[in-house]
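Asker: Quick note: the sequence shown uses our numbering, first residue 24, plus one each step. Cβ atoms here follow ideal geometry from the backbone N, Cα and C, with glycine treated the same way.
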Amino acid sequence: MADEQDKVIRFLADPATHGGAEVNHLETHGAHVFLAGNEAFKIKRAVRYDYMDFSTLEARERMLKRELDLNRPAAPQIYRDVVPVTREGGRLTLGGDGPPVEWVLRMWRFPDGAELSAVAARGELTDKLAEELGRVVADYHARAPRREGDGADRIDAVVSELEGTFAGMRDALGARRVSAFSEGARAALDRAASLLSRRGRNGRVRRCHGDLHLRNLVLIEGQPVPFDALEFDERLATCDILYDLAFLVMDLQHHGLDRAANIVLNAWLFAQEGAEDDGLAALPLFLAVRAGIRAMVEVQTASVAHHATASDTDARDYLDYALKALEGTPPRLVAVGGLSGTGKSTLARHLAPGVGRVPGAVHLRSDLERKALFSAGPLEHLPDDAYTDAAGRAVYDRLLERAETILGTGQSVLLDATFLSPQERDGAATLARRAGVPFFGLWLEAPQPTLTRRVTARRDDASDADAAVVAKQADRDIGQVDWARLDASGPLDDTVARARARLSGR
């Protein structure tokens with residue numbers, strides 16, 4: 024069978040098969056992909072692993088057709104059809120009438136460098152793109168079909184498979200890492216089991232993407248599009264939606280994109296309107312298991328492609344990340360206050376990735392929570408009746424309610440609001456005491472002309488504040504502020520450095 028597939032590989036790699044177009048041949052642990060002209064052709068490797076069996080022609084045909092059905096709804100710009108490679112008079116032909124010797128998934132080729140892995144490598148994964156990515160994934164999960172099943176049993180099965188596979192990878196991964204992963208993952212699963220079972224009963228287990236990392240997302244007309252969903256095992260792809268997201272968050276952090284990972288998580292959570300806040304208790308386990316899967320795949324890919332050194336190093340890095348996710352860094356509550364235009368949200372976005380356990384604090388912003396309360400889009404301008412005293416109290420109640428739930432999961436929270444009244448500031452400090460977590464209040468200050476200039480220059484921002492709002496706030500008696508005061512009138516880097524120093528106790 025391997026000899027027969029080798030002939031197909033040479034056939035698809037031959038420019039003559041594609042009208043003379045240059046062919047780029049890519050390999051993964053489960054597939055060969057051939058890029059030629061504006062088309063892409065994918066075949067499954069004739070391999071069999073414990074978790075994936077493409078060893079027969081029938082299985083490869085079935086899996087390619089399943090891949091087409093799964094991905095075309097989310098990425099119709101890419102997926103076309105499945106055609107056979109046939110033998111015609113001793114020669115191979117694509118889509119001929121002879122007996123099939125292999126099956127090919129035909130796709131439209133997206134531009135080189137459009138994968139988010141390449142976008143990120145160029146330093147072009149902006150905050151705006153990260154936000155959109157979180158929303159796109161949330162929308163994908165909203166459309167994903169619900170499935171029956173116990174969430175704890177599903178993760179237990181994955182952990183068990185990893186333990187069994189890692190037993191044969193101790194040389195590549197390191198015996199200490201393997202043992203520490205098993206011990207940490209088992210302890211985390213014990214703590215989260217009842218939550219995972221409840222999430223399964225409440226519809227959080229769905230037929231998800233299953234392989235949601237940067238190489239399986241592509242920019243098409245400026246929008247991130249998921250593709251290449253896991254097709255070979257319904258059991259593995261049927262999972263908790265937060266577990267599905269965890270793969271992307273973990274992958275971003277593996278590539279050193281902590282800020283983007285934090286923004287993606289926050290955008291996804293905001294799209295869930297608070298319904299996923301309590302699920303964050305399972306996030307460390309989900310991140311660790313996803314990293315463990317990547318470690319396993321790296322070792323297996325190295326074995327197939329015969330380049331063990333680099334892949335084993337990457338695999339060990341993945342497992343080190345898994346152990347970090349399982350560490351259990353205690354949560355804390357940070358609040359950033361000040362008049363409109365002081366740069367609260369900008370500072371909060373810089374601080375959040377470094378607060379608490381990976382991937383950082385959940386950033387709760389009053390401007391966004393207000394929009395959610397009034398069923399408005401983030402950039403939709405709200406009417407005056409959304410800014411009454413009663414509406415303001417409702418916004419702060421919502422902020423504190425969400426914060427308390429999230430702190431209870433072990434995830435840190437960063438509150439971003441004006442906090443102009445002593446009652447609002449006291450509410451944040453009281454919440455921290457009730458939750459038993461450290462509290463840090465940061466108060467940003469800048470001259471009124473600076474604030475007016477900043478709010479006037481805003482574009483595409485959730486805040487509705489303008490110069491009149493700044494003037495009204497400046498005239499207000501806000502009482503005694505006992506939070507750490509920071510001059511926010513200068514360069515952002517200076518403000519961020521001072522804020523981090525305060526949070527670290529310097």
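Run through DSSP, which three-state label would arginine 114 get?
Answerer: Residue state, collapsed to three classes: strand.
Asker: Which parts of the segment 229-266 are runs of the alpha helix (DSSP H), unbroken and 4 residues or longer, counting only runs that do not cross its ends?
Answerer: As far as the segment 229-266 is concerned, its whole alpha helix (DSSP H) runs of at least 4 residues are 257-260.
Asker: What does the alpha-carbon distance come out to for the pair leucine 281 and aspartate 120?
Answerer: For the sequence presented, residue 281 should be read as aspartate rather than leucine. Near 52 Å, if we compare the C-alpha coordinates of aspartate 120 and aspartate 281.
Asker: Alpha carbon to alpha carbon, how far is alanine 195 from alanine 426? Give it in angstroms, no decimals.
Answerer: Those two C-alpha atoms are separated by around 41 Å.
Asker: Whole-angstrom Cβ separation of leucine 115 and valine 108, contact assumed at under 8 Å?
Answerer: About 6 Å; that satisfies the 8 Å criterion.
Asker: Tell me whether the beta-carbon of arginine 355 lies closer than 8 Å to the beta-carbon of serine 444.
Answerer: Cβ atoms of arginine 355 and serine 444: not closer than 8 Å.
Asker: Would the segment 318-325 count as touching the segment 350-369 if we require 3 or more Cβ pairs under 8 Å?
Answerer: They do not touch, by the three-pair rule.
Asker: Does the Cβ-Cβ distance between leucine 387 and arginine 523 come in under 8 Å?
Answerer: No, the pair does not count as a contact, with Cβ atoms beyond the cut-off.
Asker: Short check: CB of arginine 169 to CB of arginine 222, under 8 Å?
Answerer: No. Outside cutoff.
Asker: With three or more C-beta pairs closer than 8 Å as the rule, is the segment 413-429 touching the segment 392-403?
Answerer: As far as the Cβ criterion goes, the segment 392-403 touches the segment 413-429, which means the pair count is three or higher.
Asker: Apart from the five residues on each side of it in sequence, which residues of its chain come closer than 8 Å, Cβ to Cβ, to valine 181?
Answerer: Cβ neighbours of valine 181 beyond the five flanking positions: Leu259, Val312, Ile316.
Asker: Can you pull the DSSP bridge partners for threonine 109?
Answerer: DSSP, once it has assigned bridges, lists Thr116, Pro123 as partnering threonine 109.
Asker: Tell me the DSSP bridge mates of lysine 394?
Answerer: Paired residue(s): none; lysine 394 is not in a bridge.
Asker: Closest by CA to glycine 459, which one among Leu437, Gly431, Asp484, Thr479?
Answerer: That would be Gly431, whose Cα lies nearest to the Cα of glycine 459.
Asker: Which residues in the same chain have their Cβ closer than 8 Å to the Cβ of alanine 54, if we skip the five residues on either side of it in sequence?
Answerer: The residues are Lys65, Ile66, Lys67, Arg68.
Asker: Measure from the C-beta of aspartate 162 to each C-beta in chain B and report whether the shortest distance is under 8 Å.
Answerer: Looking for chain B here will not work: only one protein chain is present.
Asker: On the criterion of 16 or more Cβ atoms from any shown chain inside 10 Å, does tryptophan 506 qualify as buried, or is it exposed?
Answerer: It counts as buried.
Asker: Leaving out five residues before and five after alanine 294 in sequence, what residues of the same chain have Cβ atoms less than 6 Å from its Cβ?
Answerer: Around alanine 294: Arg158, Ala161.
Asker: Decide if alanine 143 is buried, meaning its Cβ has at least 16 other Cβ atoms within 10 Å, or exposed.
Answerer: Buried, since its Cβ has 16 or more Cβ neighbours within 10 Å.
Asker: Leaving out the 5 sequence neighbours to the left and right, which residues in its chain are closer than 7 Å to alanine 497 when beta-carbon positions are compared?
Answerer: Contacts found: Leu362, Gln471.
Asker: In the structure shown, what three-state DSSP assignment does phenylalanine 462 receive?
Answerer: Looking at phenylalanine 462 - three-state DSSP - the assignment turns out to be strand.
Asker: Would you mind listing the beta strand (DSSP E) stretches within the segment 24-59 that are 3+ residues and don't spill past its ends, in chain order?
Answerer: The segment 24-59 contains these whole beta strand (DSSP E) runs: 46-50, 54-59.
Asker: On the DSSP bridge assignment, give the partners of tyrosine 102 in chain order.
Answerer: Its beta-bridge partners are Met130.
Asker: Thinking tryptophan 466 and glycine 400 are a contact (beta carbons under 8 Å), I'd like their distance in whole angstroms, please.
Answerer: Between glycine 400 and tryptophan 466 the Cβ distance is about 30 Å, and since that is not below 8 Å, they are no contact.
Asker: Given this structure, state the Cα-to-Cα distance separating glutamine 503 from alanine 165, to the nearest angstrom.
Answerer: Looking at the two C-alpha atoms, the distance is approximately 45 Å.
Asker: Mapping the DSSP letters down to three states, classify phenylalanine 204 as helix, strand or coil.
Answerer: In the structure shown, phenylalanine 204 sits in a helix (DSSP, three-state: H, G or I).
Asker: Mind the definition here: the segment 246-261 touches the segment 283-300 only if three or more C-beta pairs lie below 8 Å; say whether that holds.
Answerer: Segments in contact, no.
Asker: Does asparagine 61 pass the burial test, meaning 16 or more other C-beta atoms within 10 Å, or should it be called exposed?
Answerer: Exposed: under 16 other Cβ atoms inside 10 Å.
Asker: Give me whichever residues DSSP pairs with isoleucine 66 in a beta bridge.
Answerer: Paired residues: His55.
Asker: Give the single residue among Phe204, Phe463, Arg224 whose Cα lies nearest to the Cα of glutamate 530.
Answerer: Any property of residue 530 remains undetermined from this structure, which presents the chain solely from 24 to 529.
Asker: Going straight from the alpha carbon of aspartate 76 to that of valine 124, what length do you get?
Answerer: Approximately 17 Å between the Cα atoms of the pair.
Asker: Just to confirm before moving on: does the CB-CB distance between glutamate 403 and valine 241 stay below 8 Å?
Answerer: Result no, Cβ atoms of glutamate 403 and valine 241 do not sit closer than 8 Å.
Asker: What are the residues that DSSP puts in a beta bridge with leucine 356?
Answerer: Paired residue(s): Val436, Phe462.
Asker: Measuring CA to CA, which of Ser217, Gly226, Ile264, Arg214 is closest to glycine 233?
Answerer: The candidate whose alpha carbon is nearest that of glycine 233 is Ile264.
Asker: The alpha helix (DSSP H) spanning leucine 402 covers which residue range?
Answerer: Where leucine 402 is concerned, there is no enclosing alpha helix (DSSP H), given that its DSSP letter is neither H nor E.
Asker: How far does the beta strand (DSSP E) with alanine 507 in it reach, from first residue to last?
Answerer: 507-510 is the span of the beta strand (DSSP E), which, as asked, contains alanine 507.
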